[in-house]
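Note sheet for the following structure.
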Amino acid sequence: MPGIILIGTQWGDEGKGKITDILADDMDVVVRYQGGNNAGHTIVNSDHELKLHLIPSGILNEHVIPVIASGVVIDPKTLLEEIDGLEARGIPTDKLKVSSNAHLIMPYHRLLDAATELRLGKTKIGTTKKGVGPAYTDKSARLGIRVQDMLDPSILKKKLDQVTAIKNEILTKVYGLEEVSSEEIFKEYSTYADRLRPFITETSLLINEALDEGKKVLFEGAQGTLLDLDHGTYPFVTSSSPIAGGACVGVGVGPLRIDKVIGIVKAYTTRVGEGPFPTEQINETGQIMKTEGAEIGTTTGRDRRCGWLDIPILKYSVKVSGISSLVMTKLDVLSAFDTIKLCVGYLFEDKEYDYFPPHQTIFHKCEPIYEEMPGWREDIRGVRELSKLPLAAQKYINRVIELSGVPFEIVSVGPKRKETISLARI
Ligand code: GDP
Ligand code: IMO
Ligand code: MG
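Right, dumping it as structure tokens:
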């Protein structure tokens, strides 16, 4: 099983970091393929609680080669801060590889991200304001600056002069902001180049060679299916492709190199930022989920919106990414409820949909159709075997398997590494 993709099946924050860290034990390489430091992946083990934004969640496993592939947009300042933070905690980062083809997040991307959100007003996306959208926009517009450009001062200078001239027109004339200085950015990014130079390489070749040698490579997704630019709840999405197909594009490997696609599903649903969310609970239920699940955004510190598990979304994710097995996280959080609701479809204008609807208006305005299941009301964080879970919890898991049509390999019952029930060997 050399090529394994791990993705989020909802709106992100499903617990990808925890599960990547666990699976990394058995991996040779862990590679991030899309997104940027909009991601926040948390790992809690006996020694550390880490919040990673760019560095793959395999970093705690010393034998693993962590790779940031060309589909990622890199804010070099954040990357260096993350490297320094890890080193300060005694976690070595010298094996890290960074793609020379990855695009850079520049200061004007962050400014434009915030300014566009402000201009959109009530219709804003609720971005992380890390400059991710504008960086991917420049990539598509062929105005981007890549990691390799930093390594050649004359190219960096030339590209920066060209692009800042355009950006300054937009910043000043459209948004009424100050100009940015090409010279200052050049100086700042030259210092980053000096420090990042040892990590920079051609990562597509590296991953393909690793797969050729039979090594195990885990492709770590950021965000989740419904934040996918093509397949998510557009425009309330991120600007990259978190779905499984994004891994092949973002790394530069053929689809036949992939042996398995693992989908991470939280036992309920959360979302940060704006956009439709049929099962959202703006009430005491949502508050309990938020408190019990500590649902505060890892990257922005914003409260996460909370709601019940949505099966049509899960089935959609399974299809879009060809998910072959699932991992359920945060089942322990549902211990707080007497009754648990499971959304099995939507009602809109007298028509029922048991699938992700074809028009977003339906998704915006529908009423969720719920099945109710009894809760278990007992602490399950100490449980390590499926059969030792309360019967009601086992029934909940089995119902999700039945409705999604996909087996579970892991059920997570707490943030710590050991708070995990393994159902099968991955
Ligand atoms: P990611 O972006 O998908 O990696 O997820 P985040 O790290 O942003 O958010 C998941 C949060 O839930 C983190 O704080 C994790 O430590 C925590 N977490 C992961 N699995 C579990 C679990 O099974 N139970 C509980 N209570 N917390 C968990
Ligand atoms: P991880 O990897 C949850 C959301 C933002 C916003 C939308 C667009 O930790 O699961 P962007 O800054 O990407 O342009 O914002 O996407 N978003 C996330 N939500 N988890 C994430 O990453 C996210 N990354 C972006 O809140 O709604
Ligand atoms: Mg997160």
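If you read the sequence shown in numbering that gives the first Met the number 0, its first letter stands for residue 0, the second for the next number, and so on.
We treat Cβ as the ideally placed atom computed from N, Cα and C, and that holds for glycine.
Predicted model only: the values in this text are computed from it and were never measured.
Problem set entry | Candidates Y32, D151, P234 and S203: closest to T360 by CA position | It is P234 whose Cα lies nearest to the Cα of T360.
Problem set entry | Contacts around G251, its chain only, beta-carbon distance under 6 angstroms, and the 5 residues preceding and following it disregarded | For G251, where only same-chain residues beyond five positions count, the Cβ hits under 6 angstroms are S203.
Exercise. Is S45 near ligand 1, in the sense that its beta carbon is under 7 angstroms from a heavy atom of that ligand?
Worked result: No; taking the cut-off as 7 angstroms, the Cβ of S45 has no heavy atom of ligand 1 nearer than that.
For this session: Could you check if I425 is buried or exposed, using at least 16 other CB atoms within 10 Å of its CB as the buried criterion?
Result: With a pLDDT of 49 at I425, under the threshold of 50, the modelled position of this residue cannot be trusted; read the value that follows with caution. With a threshold of 16 other beta carbon atoms within 10 Å, I425 meets it and is buried.
Exercise. Between E366 and I54, what straight-line distance do the alpha-carbon atoms span, to the nearest angstrom?
Worked result: Spanning the alpha carbons of E366 and I54 requires a straight line of approximately 39 angstroms.
Exercise. Is it true that the stretch 227-243 meets the stretch 300-309, where meeting means three or more beta-carbon pairs spaced less than 8 angstroms apart?
Worked result: Counting Cβ pairs under 8 angstroms, fewer than three are found: no touch.
For this session: Taking only the alpha-carbon atoms, compute the straight-line gap between E418 and Y107 and give it to the nearest angstrom.
Result: Going from the Cα of E418 to the Cα of Y107 covers about 42 angstroms.
For this session: Could you tell me which uninterrupted alpha helix (DSSP H) segments, each at least 4 residues in length, are contained entirely in the stretch 134-170, listed from first to last along the chain?
Result: Listed in chain order, the complete alpha helix (DSSP H) runs (minimum 4 residues) inside the stretch 134-170 are 146-149 and 152-168.
Problem set entry | Closer than 7 angstroms: H52 CB and nearest ligand 3 heavy atom | No - ligand 3 has no heavy atom lying nearer than 7 angstroms to the Cβ of H52.
For this session: Measure the C-alpha to C-alpha separation of R270 and S139 and round it to an integer number of angstroms.
Result: Distance between the alpha carbons of R270 and S139 is about 27 angstroms.
Problem set entry | Any C-beta of chain D under 8 angstroms from that of F185 | Given the protein chain composition of this structure (a single chain), no chain D is represented.
Exercise. What separation, rounded to the nearest whole angstrom, lies between the Cα atoms of L5 and T115?
Worked result: So the alpha carbons of these two residues sit roughly 32 angstroms apart.
For this session: Answer yes or no: do L103 and I82 have a C-beta to C-beta separation smaller than 8 angstroms?
Result: Between L103 and I82, the C-beta spacing is not below 8 angstroms.
Exercise. Among residues of its own chain, excluding the 5 on either side of L95, which ones have a beta-carbon nearer than 6 angstroms to its beta-carbon?
Worked result: P65 and F198, listed in sequence order.
For this session: Check each residue's C-beta against every heavy atom of ligand 3 and list, in chain order, those closer than 5 angstroms.
Result: Listed by chain position, these are D12, G39 and T297.
Exercise. Does the Cβ of T122 have 16 or more other Cβ atoms within 10 Å, making it buried, or fewer, making it exposed?
Worked result: An exposed status is given to T122, since fewer than 16 other beta-carbon atoms sit within 10 Å of its beta-carbon.
Exercise. Can you tell which of H230, I368, A243 and L110 has its C-alpha closest to the C-alpha of V30?
Worked result: For the residues H230, I368, A243 and L110, the minimum Cα distance to V30 belongs to A243.
Exercise. Do you know how far the Cα of W307 is from the Cα of Q280?
Worked result: Each residue's Cα considered, the two are about 7 angstroms apart.
For this session: Using alpha carbons as the reference points, say which of K387, V343 and L330 lies closest to G374.
Result: Relative to the Cα of G374, the nearest Cα in the group K387, V343 and L330 belongs to L330.
For this session: Using 10 angstroms around the beta-carbon of N282, count the other beta-carbons present and answer buried if the total reaches 16, otherwise exposed.
Result: When all chains shown are included, N282 counts as exposed.
Exercise. Within 7 angstroms: the Cβ of A87 and any heavy atom of ligand 2?
Worked result: No - ligand 2 has no heavy atom lying nearer than 7 angstroms to the Cβ of A87.
For this session: Along the alpha helix (DSSP H) that carries V250, what are the first and last residues, could you check?
Result: First-last of the alpha helix (DSSP H) with V250: A243 to V250.
Exercise. By Cβ distance below 7 angstroms, which residues in the same chain neighbour P91 in space, the five residues on each side in sequence not counted?
Worked result: Closer than 7 angstroms at Cβ, skipping near neighbours: E61.
Problem set entry | Of the residues L150, I58, L170 and T126, the one placed nearest L111, counting alpha carbons only | Just measuring C-alpha positions, the residue of L150, I58, L170 and T126 sitting nearest L111 is L170.
Exercise. Of the choices C342, G404 and Y395, whose alpha-carbon is the least far from that of V410?
Worked result: Residue Y395 is the option with its Cα nearest to V410.
Problem set entry | Limits of the beta strand (DSSP E) - the one that Y352 falls within | Counting along the chain, the beta strand (DSSP E) containing Y352 begins and ends at K350 to Y352.
For this session: Jot down the residue ranges of each uninterrupted beta strand (DSSP E) in the stretch 257-332, minimum 3 residues, whole runs only, in chain order.
Result: Runs of the beta strand (DSSP E) inside the stretch 257-332: 259-265, 268-270, 304-306 and 324-328.
Problem set entry | Cβ contact (3+ pairs, closer than 8 angstroms) linking the stretch 178-188 and the stretch 145-163 | Because the criterion of three Cβ pairs below 8 angstroms is met, the stretch 178-188 and the stretch 145-163 touch.
Exercise. If you draw a straight line from the alpha carbon of V68 to that of L228, how long is it in whole angstroms?
Worked result: In the sequence as presented, Val is not what sits at residue 68; that position holds Ala. Their Cα atoms are separated by approximately 19 angstroms.
For this session: Along the beta strand (DSSP E) that carries R31, what are the first and last residues, could you check?
Result: V28 to R31 is the extent of the beta strand (DSSP E) around R31.
Problem set entry | Per DSSP, the bridge partner or partners of K7 | The sequence given here has Gly at residue 7, not Lys. According to DSSP, which records beta bridges pairwise, G7 is partnered with I263.
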